[in-house]
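Down below is the structure, laid out as structure tokens.
Residue numbers (our numbering): 6 to 348.
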């Protein structure tokens, strides 16, 4: 039976364990250039030292106005490559593998003078009115995702995650709640996401796996549910996705009757259903920081990998702590073993 510290292998990605640090925006850029700095270096390398198997670098955007805020990371320029490679190389030194999440915030780009979206529908009454992308601009956006992926590969990442969740641009295209277009991108709500996947895959090495983060359910009237997300995920799998990172939500005002669960593991059933229906590896995420719980998600075959977000923000050495509590063997760097009772 697999457990949290069983190695995981897909294509040429070999992970020493099944602990994933999910992408979490740090809002730590002070120069408006989207280039990683020492905060990001310390943040990611410390989690590699702390035992994570896979570290996914936070949402990095394909154009300046694609950021949630101007404090976010970018991958729209070759100037981003070398500073990012410095982090990737350091993380590799400590036995972790590295992914990066490529994205565009769409209508949720707070600092863009005029955000863009599939349709001119603001996120809420406090948000800016977005401009609907033309058909040609949408095709150009696909190319921007391709170029960002090329830069990530030059920086040495082991995998790429496309952000199709949480109400950002790809999510906006795939949802009838936000996509009211009449062109080809409105007639087929999966077309933009499918084209992005194919564009990114076209520049990736054949044996590098592609991850896609999805929202399996929208918590809003008129939004989609699990049946619809399984259908579009099937299309995305056929387009080239190798692993789904299963989250939820991100669109519209969250109504009381559909509020996301505050209980632990509330998203795991969705990950389990997608894994079963599509016969594809999945990453489960959402309040899984208790080691025994995270371990049970793997042991019960609900998911293949477990992402621990808040737990790793609180404790860079969460994976080492988890191995100790679970009685599992893991490599502890340097003299840190003394602190974990290893002689």
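Backbone N, C-alpha and C define an ideal beta-carbon position, used for all residues, glycine too.
Should residue 345 go down as buried or exposed, given a rule of 16 or more other Cβ atoms within 10 Å for buried? Along the chain shown, one-based indexing puts residue 345 at 340. Counting Cβ neighbours within 10 Å, residue 345 comes out exposed, since fewer than 16 surround it.
Mind reading off the beta-carbon distance from residue 241 to residue 217? Whole number of angstroms is fine, and I expect it under 8 Å. The residue you call residue 241 lines up with position 236 of the chain shown. The residue you call residue 217 lines up with position 212 of the chain shown. Confirmed, about 6 Å.
Short Cβ contact (8 Å threshold) for residue 106 with residue 62: Position 101 of the chain shown, counting from 1, holds the residue named residue 106. Position 57 of the chain shown, counting from 1, holds the residue named residue 62. The answer is yes: Cβ separation under 8 Å.
Measuring only the C-alpha atoms, how far is residue 6 from residue 304? Stepping through the chain shown from its first residue, residue 6 is reached at position 1. Stepping through the chain shown from its first residue, residue 304 is reached at position 299. Answer to the nearest angstrom: the Cα atoms are 6 Å apart.
Rounded C-alpha distance that separates residue 59 from residue 23: Taking the first residue of the chain shown as 1, we reach residue 59 at position 54. Taking the first residue of the chain shown as 1, we reach residue 23 at position 18. For residue 59 and residue 23, the distance between alpha carbons rounds to 8 Å.
Assuming the contact rule is C-beta atoms closer than 8 Å, residue 33 and residue 82 should be a hit. Round their C-beta distance to whole Å, please. Within the chain shown, the letter at position 28 stands for residue 33. Within the chain shown, the letter at position 77 stands for residue 82. Residue 33 to residue 82, Cβ: 18 Å. No contact.
Nonlocal neighbours in the same chain, by C-beta distance under 7 Å from residue 214, ignoring five residues either side: The residue you call residue 214 lines up with position 209 of the chain shown. Once the five neighbours on either side are set aside, the close Cβ partners of residue 214 are 15, 16, 18, 164, 247, 248.
Does the separation of the CB atoms of residue 201 and residue 147 fall below 8 Å? As a first step, residue 201 is located in the chain shown; it is residue number 196 there, counting from the start. As a first step, residue 147 is located in the chain shown; it is residue number 142 there, counting from the start. Yes. Within cutoff.
Could you please give the first and the last residue of the uninterrupted alpha helix (DSSP H) stretch that includes residue 301? Residue mapping note: residue 301 aligns to position 296 of the chain shown, counting from 1. From DSSP, the alpha helix (DSSP H) with residue 301 extends over 296-304.
Leaving aside the five residues before and after residue 51 along the sequence, list all residues of the same chain whose C-beta is less than 6 Å from its C-beta, in chain order. For this step, residue 51 is matched to residue 46 along the chain shown. Result list for residue 51: 321, in chain order.
Given a threshold of 16 other Cβ atoms within 10 Å of its Cβ, counted over all protein chains shown, does residue 166 qualify as buried or as exposed? If you number the chain shown from 1, residue 166 lands on position 161. With 16 or more other Cβ atoms within 10 Å, it is buried.
Can you list, in chain order, the stretches of the beta strand (DSSP E) that have 3 or more residues and sit fully within the region 187-241? 215-220
In the structure shown, what three-state DSSP assignment does residue 261 receive? Along the chain shown, one-based indexing puts residue 261 at 256. Because the pLDDT of residue 261 is 49, which lies under 50, any placement of that residue in the model is unreliable, and the number read from its coordinates should be weighed accordingly. Helix at residue 261.
Under the assumption that residue 323 contacts residue 104 (Cβ atoms under 8 Å), give the Cβ distance between them as a whole number of angstroms. By 1-based counting over the chain shown, the position of residue 323 is 318. By 1-based counting over the chain shown, the position of residue 104 is 99. Between residue 104 and residue 323 the Cβ distance is about 18 Å, and since that is not below 8 Å, they are no contact.
Member of 29, 37, 233 whose CA lies at the smallest distance from the CA of residue 194: Numbered from 1 along the chain shown, position 189 holds the residue referred to as residue 194. Residue 233 is the option with its Cα nearest to residue 194.
Could you give the uninterrupted runs of the alpha helix (DSSP H) lying entirely in the region 85-130, keeping only those of 4 residues or more? 86-98
Residue 134: which of 141, 307, 124, 143 sits nearest, CA to CA? As a working note, residue 134 is residue 129 in the chain shown. Nearest of 141, 307, 124, 143 to residue 134, Cα basis: 124.
I'd like the list of long-range same chain contacts for residue 31, defined as Cβ closer than 7 Å, with 5 residues on each side in sequence excluded. Here residue 31 refers to the residue found at position 26 of the chain shown. The answer, listed in chain order, is 44, 45, 48, 63.
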